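Note sheet for the following structure.
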């Protein structure tokens, strides 16, 4: 099993300053709180997940497990504080190298998600993804769903929303601490901050590295636009959409390496998203600094059997490389020279 430095220390979330070294204290003057956190990581075998929004639902994950699809964990569609339809169709445009989507965060009600979790029979851990329009939304979802998941991915970086919709996502640089910090009161699970390549992710990573366990690098770029030359209208009903796929990989790679230089100093691991379509992509992201790898667009147009075969073969080829090079996976992570 590939293990990511699992730390079994208890997480002391809100604590007095007694007997804790001064360098481990972070004083937030605005909140007048002294905060200490020991990092908590999860073990994944293999370190591969589906990108949130692809595959999406627990019954799909169950079918994939029955077909022995070699994912280390599952990430369902982002869960919000209320049921939401999202944009009307068409919501996807795919030209081969890039995918545009304008889903705008559709989701079931929380009660529907609870029913789905309670009826699911999954062997692999589930990482919950949560979005909100205000801080209390994130807290509310986590409190109600927390017992069903092994970690939380905090979605503060979605580039496409319904027309007129406002969100904390729009001011992530200023608000990220205010989003993350209250969540420590409602969950003991590892927290993953999902950052956007559209923002000043270096500044954001520096501001949150002490408060999270993972940083996910590479939500969709954009938004981007596709037009139909005959109707002379946008192809997507939502006008524009977030961009994913192989075309965004170089940008996501640079993001991973930039954030790794910050996160590695604090034992914060990285999840890479963006254009993973072959086994070499996993190794390239690992060399740049990622420890976990999210696959999304390359699973499009594949049935369950094809998804299982695709992912299983990809990881087998990674293991062949490791054996041939006589190197451990941990030695590869962050070894970029130059």
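Residue numbers (my numbering): 22 to 359.
A virtual CB, placed ideally from N, CA and C, is assigned to each residue, including glycine.
From a predicted model like this one, the values you see are computed outputs, not experimental measurements.
Boundaries around residue 304 are those of the alpha helix (DSSP H), 300-309, since no beta strand (DSSP E) includes it. Sequence-distant Cβ neighbours of residue 113 in its own chain, meaning closer than 6 Å and more than five residues away, are 122. Shown here, residue 326 sits in a helix according to DSSP, grouped into three states. Counting along the chain, no alpha helix (DSSP H) covers residue 290; the unbroken beta strand (DSSP E) around it starts and ends at 290-294. By the beta-carbon neighbour count (other beta carbons within 10 angstroms, threshold 16), residue 160 is buried. With a contact defined as Cβ atoms closer than 8 Å, residue 237 and residue 210 miss out at about 15 Å. Unbroken beta strand (DSSP E) stretches of 3 residues or longer found wholly inside the region 89-168: 113-115, 120-122, 148-151, given in chain order. The three-state secondary structure of residue 265, taken from DSSP, is strand.
With respect to the 8 Å criterion, residue 332 and residue 89 are not classified as neighbours on the basis of their beta carbons. Around the Cβ of residue 62, a 10 Å sphere holds 16 or more other Cβ atoms; the residue is buried. Residue 120 sits away from residue 242, with the two beta carbons spaced by 8 Å or more. Comparing alpha-carbon positions, the option among 257, 252, 206, 282 lying closest to residue 245 turns out to be 257. Assigned with DSSP and collapsed to three states, residue 242 falls in strand.
Rounded to the nearest angstrom, the Cβ distance from residue 305 to residue 274 is 7 Å, consistent with a contact under 8 Å. Relative to the Cα of residue 341, the nearest Cα in the group 326, 309, 351, 300 belongs to 300.
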